[in-house]
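S.K.: Quick note: the sequence shown uses this note's numbering, first residue 9, plus one each step.
The beta-carbon is built from N, C-alpha and C at its ideal position, and this holds for glycine as well.
This one's a predicted model, so the numbers in the text were calculated from it and none came from an experiment.
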Amino acid sequence: MTYSQLDLPLGGTLYIAELPSGIAPSLSNYRSLTQQLLDEIASGETAWQLMHLPTGAPRLVSPDRDYTISISHSGSYVALVLCEGQCSIGVDLQIASDKLPQIAPRFMSPAELAHYHHLLAAEEPQAAREWLYTVWGLKEAAYKAYPPKVKRHLATNHIISLPEGSVSASLYSDEGGDSIARYTIYADEGDAPPTLLTGYLLRSITTAPYHLTYVLDAGGAVLLAE
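#1: Could you tell me if residue 9 is buried or exposed, where buried requires 16 or more neighbouring beta carbons within 10 angstroms of its beta carbon?
#2: Going by C-alpha to C-alpha distance, which of 124, 130, 151, 150 sits closest to residue 140?
#3: Let me make sure I understand the geometry here. Which of 117, 20, 119 has the alpha-carbon closest to that of residue 87?
#4: Are residue 220 and residue 210 touching if we call contact CB-CB under 7 Å?
#5: Assuming the contact rule is C-beta atoms closer than 8 Å, residue 167 and residue 194 should be a hit. Round their C-beta distance to whole Å, please.
#6: Give every residue of the same chain whose Cβ lies closer than 8 Å to the Cβ of residue 65, excluding the five residues on either side of it in the sequence, and list them in chain order.
#7: By the three-class DSSP mapping on this structure, what secondary structure does residue 73 have?
#8: By a C-beta neighbour count over all protein chains shown, 10 Å radius and 16 as the cutoff for buried, is residue 76 buried or exposed?
#9: Do residue 111 and residue 82 count as a contact pair if the criterion is CB distance below 7 Å?
#10: My guess is that residue 38 and residue 24 are in contact by the Cβ rule of under 8 Å, so how many angstroms apart are they, rounded?
#11: Drop a sphere of 10 angstroms on the beta-carbon of residue 207, count the other beta-carbons inside from all chains shown, and report buried for 16 or more, exposed for fewer.
#12: Considering just the uninterrupted stretch of the beta strand (DSSP E) at residue 203, what are its terminal residues?
#13: Just to confirm, is the Cβ distance from residue 22 to residue 14 under 7 Å?
#14: What do you get for residue 143, buried or exposed, if any count of 16 or more other CB atoms within 10 angstroms of its CB means buried?
#15: Once you ignore the five residues that flank residue 116 on each side, which residues in its own chain have a CB closer than 7 Å to its CB?
#16: Identify, in the order they occur along the chain, each residue of the same chain with its Cβ nearer than 6 Å to the Cβ of residue 214, setting aside the five sequence neighbours on each side.
#17: Just curious, the beta strand (DSSP E) that residue 46 is in, first and last residue?
#18: Inspect the beta-carbon positions of residue 80 and residue 99 and report whether they are closer than 7 Å.
#19: Unbroken beta strand (DSSP E) runs of length 3 or more, entirely within the segment 75-135: which are they?
#20: Could you round the C-beta distance between residue 212 and residue 154 to whole angstroms and report it? I think they count as a contact, below 8 Å.
#21: Apart from the five residues just before and just after residue 136, which ones in its own chain have a Cβ nearer than 6 Å to its Cβ?
#22: On a CA-only basis, which of 156, 69, 165, 36 is nearest residue 50? Give me that one, please.
#23: Round the Cβ separation of residue 121 and residue 113 to the nearest angstrom and send it over; I've been treating them as touching at under 8 Å.
In structure tokens, the structure reads:
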């Protein structure tokens with residue numbers, strides 16, 4: 009099978025595969041494609057078995073090594089992040105959707121939403137669209153990497169730093185030469201100080217067929233430390 013591969017900042021590897029032409033997107037087809045991808049990645053090692061916890065979170069069972077896995081699918085694509093060892097990771101892949109602008113107030117914090125409206129008012133629709141998908145993707149990935157201990161409103165369980173922040177917008181480059189933007193994510197812990205997560209925008213909906221984000225709790229595993 010054909011798939012793309014990207015080594016991620018701070019550790020881990022991202023894989024993306026696409027359903028064959030004529031195969032309709034469905035949960036069973038996504039899972040079949042994911043298992044095929046894992047079999048391909050294993051490359052002669054003992055086959056890896058993909059299971060799901062009662063929460064729905066994926067778990068990779070291997071008699072040879074210990075891995076953490078995160079999976080996302082949308083349209084005809086499946087994205088899979090694999091880290092050796094136990095890590096706090098999350099990935100989100102999202103194709104274009106007409107519904108996302110309609111539900112923006114449901115998942116954006118007041119500051120995130122204000123920045124979105126500011127970009128629209130400034131007649132920067134492309135930047136506004138990218139910000140919309142970035143917030144959505146980072147929050148989806150953050151829920152996988154670090155499920156909130158105190159459940160609040162979807163819009164405020166995780167807060168995304170604005171892109172002009174000097175720390176949050178540090179740039180990296182992947183092998184293809186595309187810029188990778190870094191964001192800080194504040195995970196609400198109720199009365200406790202927020203936990204800081206690191207998020208990356210890997211692919212923009214304005215330049216690729218899907219928006220791709222990745223989140224990790226850098227303090228959760230030594231192998232992912234800078």
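M.R.: This is what the structure holds:
#1: exposed
#2: 124
#3: 20
#4: yes
#5: 4 Å
#6: 152
#7: coil
#8: buried
#9: no
#10: So it is not a contact: roughly 13 Å between Cβ atoms.
#11: buried
#12: 200-211
#13: yes
#14: buried
#15: 124, 143, 163
#16: 134, 138
#17: Taken as a continuous stretch (DSSP letters only), residue 46 belongs to no beta strand (DSSP E), being part of the alpha helix (DSSP H) at 35-50.
#18: yes
#19: 75-82, 85-92, 97-102
#20: Contact flag wrong, Cβ pair sits at about 24 Å.
#21: 124, 127, 128
#22: 69
#23: 6 Å
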